[in-house]
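In our numbering, the protein residues as written are 4 to 220.
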């Protein structure tokens, strides 16, 4: 199914919120309430469900939460998760492990590639050094990698990944990665995000000062 990137993002966020209610006895939720939790318009939420072919409920009873979770997972292919590897600072795996244990995400990290040759296993996940990527990734049929390495290493890592038939890269480094042929790349620039928030805060402060001065005139 061809869904827009924004629609998929909203559906995934919706699922994560719904998971909080999954253990309630016969949970139902109305679109207006769900939209308010997601901070979007009810019309947008209903349009997303219509576009994705999600219909887990009725106007009278609201949406069946568990059925809605199942339908969203089917529409966004969460039941067909590819194998994932983590490349870089292995300590960041702890963050993803917490998400996995909570049931909020479906994927499992199949392998870790890090700097430390002494690391053999972390959270029962096998660990390897960078030079083993071209051997281990094809062997384990890994198709998605999370890159959390320093900028100086990113080019060499990407060059190695191009030999491994990698289909998707989630980039947490400060170095932008361009997608290769038939490859999907998500670049998450933490530094730019911090700078953008800082700009907005300063803008809001300047706006308040301007309004305050205008009132005194």
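Each residue gets a CB set at the ideal place from its N, CA and C atoms; glycine is no exception.
Quiz item: Taking the alpha carbon of residue 132 as the point to measure from, which residue in 138, 119, 144 and 126 has its own alpha carbon closest?
Solution: Residue numbering aside, residue 132 sits at position 129 when the chain shown is read from its first letter. If we check each option's Cα against that of residue 132, 119 comes out closest.
Quiz item: Between which two residues does the beta strand (DSSP E) harbouring residue 182 extend?
Solution: The sequence position of residue 182 within the chain shown is 179, counting from 1. Taken as a continuous stretch (DSSP letters only), residue 182 belongs to no beta strand (DSSP E), as it is neither H nor E.
Quiz item: Are the CB atoms of residue 32 and residue 68 nearer to each other than 8 angstroms?
Solution: Working through the chain shown from its first residue, we reach residue 32 at position 29. Working through the chain shown from its first residue, we reach residue 68 at position 65. Yes, these two residues count as a Cβ contact at 8 angstroms.
Exercise. Alpha carbon to alpha carbon, how far is residue 7 from residue 178? Give it in angstroms, no decimals.
Key: For this step, residue 178 is matched to residue 175 along the chain shown. For this step, residue 7 is matched to residue 4 along the chain shown. The straight-line gap from Cα to Cα measures roughly 26 angstroms.
Quiz item: When you compare only the Cα positions, how much space is there between residue 97 and residue 193?
Solution: Walking along the chain shown from the start, residue 97 turns up at place 94. Walking along the chain shown from the start, residue 193 turns up at place 190. Cα to Cα, residue 97 sits roughly 18 angstroms from residue 193.
Quiz item: Using a Cβ-Cβ cut-off of 8 angstroms (strictly less than) and excluding sequence neighbours within five positions of residue 78, which residues of its own chain qualify?
Solution: Residue 78 sits at position 75 when you count from the first residue of the chain shown. Contacts found: 4, 6, 14, 55, 56 and 57.
Quiz item: Where residue 215 and residue 202 are concerned, what is the direct C-alpha to C-alpha distance, given to the nearest angstrom?
Solution: Start at 1 with the first residue of the chain shown, and residue 215 comes out as number 212. Start at 1 with the first residue of the chain shown, and residue 202 comes out as number 199. When rounded, the distance between both Cα atoms is 20 angstroms.
Exercise. Assign residue 92 to one of three DSSP states: helix, strand, or coil.
Key: Here residue 92 refers to the residue found at position 89 of the chain shown. In this structure, residue 92 counts as coil in the three-state DSSP scheme.
Practice problem: Count the other C-beta atoms from every protein chain shown that fall within 10 angstroms of the C-beta of residue 18, then say buried if there are 16 or more, exposed otherwise. | Solution: What you label residue 18 is simply residue 15 of the chain shown in a count that begins at 1. Burial is judged here by how many other beta carbons sit within 10 angstroms of a residue's own beta carbon; residue 18 has at least 16 and is buried.
Quiz item: Between the segment 84 to 94 and the segment 29 to 43, do three or more beta carbon pairs fall short of 8 angstroms?
Solution: No, the segment 84 to 94 does not touch the segment 29 to 43.
Quiz item: Is the beta carbon of residue 117 less than 8 angstroms from the beta carbon of residue 150?
Solution: Taking the chain shown and counting its residues from 1, one reaches residue 117 at position 114. Taking the chain shown and counting its residues from 1, one reaches residue 150 at position 147. No, the Cβ-Cβ distance between residue 117 and residue 150 is not below 8 angstroms.
Quiz item: Based on the DSSP output, what are the partners of residue 87 in its beta bridges?
Solution: As a first step, residue 87 must be located in the chain shown, where it is residue number 84. Paired residue(s): 112 and 147.
Practice problem: Rank 16, 197 and 153 by C-alpha distance to the C-alpha of residue 51 and give the top, closest one. | Solution: Looking up residue 51 in the chain shown gives position 48. Nearest C-alpha to residue 51: 16.
Quiz item: Helix or strand or just coil, what does DSSP make of residue 121?
Solution: Locating residue 121 in the chain shown gives position 118, where the first residue counts as 1. Shown here, residue 121 sits in coil according to DSSP, grouped into three states, outside any helix or strand.
Practice problem: Determine the burial state of residue 64: buried for a count of at least 16 other Cβ atoms within 10 Å of its Cβ, exposed for fewer. | Solution: Residue numbering aside, residue 64 sits at position 61 when the chain shown is read from its first letter. Looking at its Cβ environment, which holds fewer than 16 other Cβ atoms inside 10 Å, residue 64 is exposed.
Quiz item: Is it true that the CB of residue 189 sits closer than 8 angstroms to the CB of residue 169?
Solution: Numbered from 1 along the chain shown, position 166 holds the residue referred to as residue 169. Numbered from 1 along the chain shown, position 186 holds the residue referred to as residue 189. No; because the gap between Cβ atoms is not below 8 angstroms, this pair is not in contact.
Quiz item: Which residue from 204, 100 and 145 puts its Cα closest to that of residue 126?
Solution: Here the question's residue 126 lines up with position 123 in the chain shown. Sorting 204, 100 and 145 by C-alpha distance to the C-alpha of residue 126 places 100 at the top.
Self-check item: Segments assigned alpha helix (DSSP H), at least 4 residues, entirely inside the segment 21 to 53
Solution: Listed in chain order, the complete alpha helix (DSSP H) runs (minimum 4 residues) inside the segment 21 to 53 are 34 to 41.
Quiz item: Across which residues does DSSP place residue 173 in a beta bridge pair?
Solution: As a working mapping, residue 173 is identified with position 170 in the chain shown. Paired residue(s): 149 and 189.
Self-check item: Alpha-carbon to alpha-carbon, residue 148 and residue 74
Solution: One-based indexing of the chain shown puts residue 74 at position 71. One-based indexing of the chain shown puts residue 148 at position 145. In a straight line, the C-alpha of residue 74 is about 26 angstroms away from that of residue 148.
Quiz item: With distances taken from CA atoms, which of 142, 219 and 21 is nearest residue 66?
Solution: By 1-based counting over the chain shown, the position of residue 66 is 63. Residue 66 has its Cα closest to that of 21, out of 142, 219 and 21.
Quiz item: Ordered along the chain, which non-local residues of its own chain (more than five positions away) have a Cβ less than 6 angstroms from that of residue 11?
Solution: The residue given as residue 11 occupies position 8 in the chain shown. Answer for residue 11: 79, listed in chain order.
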